[in-house]
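According to our numbering, the sequence shown holds residues 16 to 203 in order.
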Amino acid sequence: MKKVLFFFMLVSSMLAQHAMGQEESEEPVQKGFDKSRLFFGGNFGLGLGSKSSSIIFSPQVGYRFNDHFAAGAGINLNYYSYTANGYETKTRYGYAGLNTFARLYPIPYILLQVQPEINYSWGSVKYPDSTPTEKLKGQLVPSVLIGGGASIPTGGRGALILMLQYDVLQEARSPYGNKAFFSMGYNF
16 MKKVLFFFML
26 VSSMLAQHAM
36 GQEESEEPVQ
46 KGFDKSRLFF
56 GGNFGLGLGS
66 KSSSIIFSPQ
76 VGYRFNDHFA
86 AGAGINLNYY
96 SYTANGYETK
106 TRYGYAGLNT
116 FARLYPIPYI
126 LLQVQPEINY
136 SWGSVKYPDS
146 TPTEKLKGQL
156 VPSVLIGGGA
166 SIPTGGRGAL
176 ILMLQYDVLQ
186 EARSPYGNKA
196 FFSMGYNF
């Protein structure tokens, strides 16, 4: 029995010394808001074609709570124009809105995101005949984007964000259409 007790005390003291050594090497945990965890970024897009054009400006600010979770908010400013019926009908849409987002990083450099947003949409349709241009009634259009992708470090605090996203609400005047879409942004 003395041998078992001696062995138990020896192992306990070794574990205690190991634990004390671990505590000394850990950095103190910072409490409260840490501005070094803030990040800024978003998306900018420009698409020009013979039958369509689009301009997208969507700055965002976020906070990295830990290595696995970040959240933030941003604004959306979008303009779309396209022609149909062989250049005869021209449709234009404008959007201005707000968004929030939450990102989960299950492993380094891979992210999953959900982004609810609300956009105010307005627009017009110009027909080929002498019909006056039709003004589209302004309305609020909700969207919930879900997606995933990669956060590719570019040095320092910068990262290129590449994602495949989809609007699960599928509202008729959603700026995202009814298919999955690719997005690219940058955080610094």
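All C-beta atoms, glycine included, are put in the ideal place defined by N, C-alpha and C.
Please read these numbers as outputs of a predicted model, since none were measured by experiment.
Nearest-angstrom Cα separation, counted from residue 178 out to residue 198: 5 Å
Between the CA atoms of residue 182 and residue 79 - distance to the nearest angstrom: 24 Å
Contact set for residue 173: own chain, Cβ-Cβ below 8 Å, skip 5 residues either direction: 201, 202 and 203
In DSSP terms, what residue 160 is bridged to: 130 and 182
Residue range of the unbroken beta strand (DSSP E) whose run includes residue 105: 104-122
Proximal residues to residue 133 (C-beta, below 7 Å), its chain only, five neighbours per side dropped: 112, 113, 155 and 157
Per DSSP, cross-strand counterpart(s) of residue 57: 74 and 201
Integer-rounded CB distance, given that residue 180 should sit under 8 Å from residue 161: 7 Å
Cβ shell of residue 142 (< 6 Å), same chain only, five flanking positions each side left out: 104
Residue 54 versus residue 147: straight-line alpha-carbon distance, rounded: 47 Å
Per-residue DSSP class, three states only, for residue 50: helix
C-alpha distance - residue 169 paired with residue 123, whole-angstrom precision: 14 Å
Among 110, 116 and 82, nearest to residue 89 - alpha-carbon criterion: 116
Beta-carbon gap between residue 151 and residue 138 smaller than 7 Å: yes
Selection from 91, 97, 165 and 145 that minimises the alpha carbon distance to residue 131: 91
Residue interval of the beta strand (DSSP E) (run including residue 89): 84-99
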